[in-house]
Amino acid sequence: MAINATIFKADLQIADMDRNYYADHTLTLARHPSETDERMMVRLLAFAMFAHEHLIFAKGLNADDEPGLWQMDLTGAIELWIEVGLPDEKWLRKACGRSERVVVLTYGGRTADMWWSANRAKLEKPGNVSVYNLPQEATQALAAIASRNMRLQCSIQDGQIWITDTESTVHIVPAKLL
Numbered sequence: 000m001a002i003n004a005t006i007f008k009a010d011l012q013i014a015d016m017d018r019n020y021y022a023d024h025t026l027t028l029a030r031h032p033s034e035t036d037e038r039m040m041v042r043l044l045a046f047a048m049f050a051h052e053h054l055i056f057a058k059g060l061n062a063d064d065e066p067g068l069w070q071m072d073l074t075g076a077i078e079l080w081i082e083v084g085l086p087d088e089k090w091l092r093k094a095c096g097r098s099e100r101v102v103v104l105t106y107g108g109r110t111a112d113m114w115w116s117a118n119r120a121k122l123e124k125p126g127n128v129s130v131y132n133l134p135q136e137a138t139q140a141l142a143a144i145a146s147r148n149m150r151l152q153c154s155i156q157d158g159q160i161w162i163t164d165t166e167s168t169v170h171i172v173p174a175k176l177l
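Each residue of the sequence shown is one higher than the one before, counting from 0 in numbering that gives the first Met the number 0.
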């Protein structure tokens, strides 16, 4: 018998001063049985960082040809493809051909650094890829605030992010690698 995904709900208030984006979102995240709280919360962070009315969570781990999140225009063309973790470089190059823009949010400390060293040269070629590395302490702190029903506020200013729940605040400064 297959294990079903665990459903998480998040009420997310976003105040992005860098992009002048201010909105409230009610989100449903399906956490795949093999997905950690840390990865799920990085997907939620990715949503907050690139929030748009057409940005949605894709099937991700449940589908071989979909990212963690994507944004499509009204014709179905992919405008933004967002991957979290340490995706295969060949898969990212394929995504570059399918989407106007590809964003990767890496995390995991030394493992992410090794992934970047191994893939940097190949990812610089397409020209439509951005890579951000998230500090390990921050992603672990995000995992610690994960719960089945979340009420979160996200403030973004000068490239810095603050995610707050009722009890704690996580400060994140993504490092733009590409």
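Here a beta-carbon is modelled for each residue, glycine too, at the ideal position from N, C-alpha and C.
Residues in its own chain within less than 7 Å of residue i by CB, not counting five upstream and five downstream?
i      : result
THR27  : ILE6 and LYS8
ALA180 : Look at the range of the chain in this structure, 0 to 177, and you will see that residue 180 is not part of it.
ALA111 : LEU85, THR105 and ASN132
PRO125 : ARG92 and CYS95
ASN118 : GLU88
At the level of alpha carbons, what is the spacing between residue i and residue j?
i      : j      : result
ALA14  : ASP23  : 9 Å
THR165 : ARG150 : 7 Å
GLU136 : GLU34  : 18 Å
GLY96  : ALA76  : 11 Å
VAL128 : ASP87  : 13 Å
ILE162 : THR74  : 33 Å
ARG109 : SER98  : 29 Å
LYS175 : TRP115 : 12 Å
SER167 : VAL102 : 28 Å
ILE55  : GLU65  : 11 Å
HIS53  : VAL169 : 26 Å
GLY158 : ALA29  : 28 Å
MET113 : ASN19  : 35 Å
Which residues in the same chain have their Cβ closer than 8 Å to the Cβ of residue i, if we skip the five residues on either side of it in sequence?
i      : result
ALA123 : The sequence shown places Glu at residue 123, not Ala. LEU177, listed in sequence order.
LYS121 : GLU88 and ARG92
Our contact map puts residue i next to residue j with C-beta atoms below 8 Å; I'd like the distance itself, whole angstroms only.
i      : j      : result
MET48  : ILE160 : 7 Å
ALA142 : MET40  : 5 Å
GLU37  : GLN139 : 6 Å
THR42  : GLU78  : The residue you asked about is not Thr; residue 42 is Arg in the sequence shown. Not really, about 18 Å apart at Cβ, beyond 8 Å.
ALA4   : HIS31  : 6 Å
Leaving aside the five residues before and after residue i along the sequence, list all residues of the same chain whose C-beta is less than 6 Å from its C-beta, in chain order.
i      : result
PRO173 : TYR131 and LEU133
ILE171 : ALA137 and ILE160
ILE155 : ASP15 and ASP17
ARG214 : With the chain represented from 0 up to 177, any question about residue 214 goes unanswered, as that position is not in the structure.
TYR21  : ALA14
HIS51  : GLN70
THR25  : ASP10
TRP90  : none
GLN12  : ASP23 and GLN152
GLY107 : none
At a threshold of 7 Å, does residue i count as lining the ligand FAD (C-beta to nearest heavy atom)?
i     : result
GLY67 : The ligand FAD is absent from the structure shown, which contains no ligands of any kind.
### Message
Quick check on the DSSP output: what are the complete beta strand (DSSP E) runs of length 3 or more inside the segment 99–148, in order along the chain?
### Response
128–132
### Task
Write down every uninterrupted run of the beta strand (DSSP E) in the segment 10–98 whose length is 3 residues or greater and which is fully enclosed by it, in chain order.
20–30, 54–56, 68–71 and 77–83
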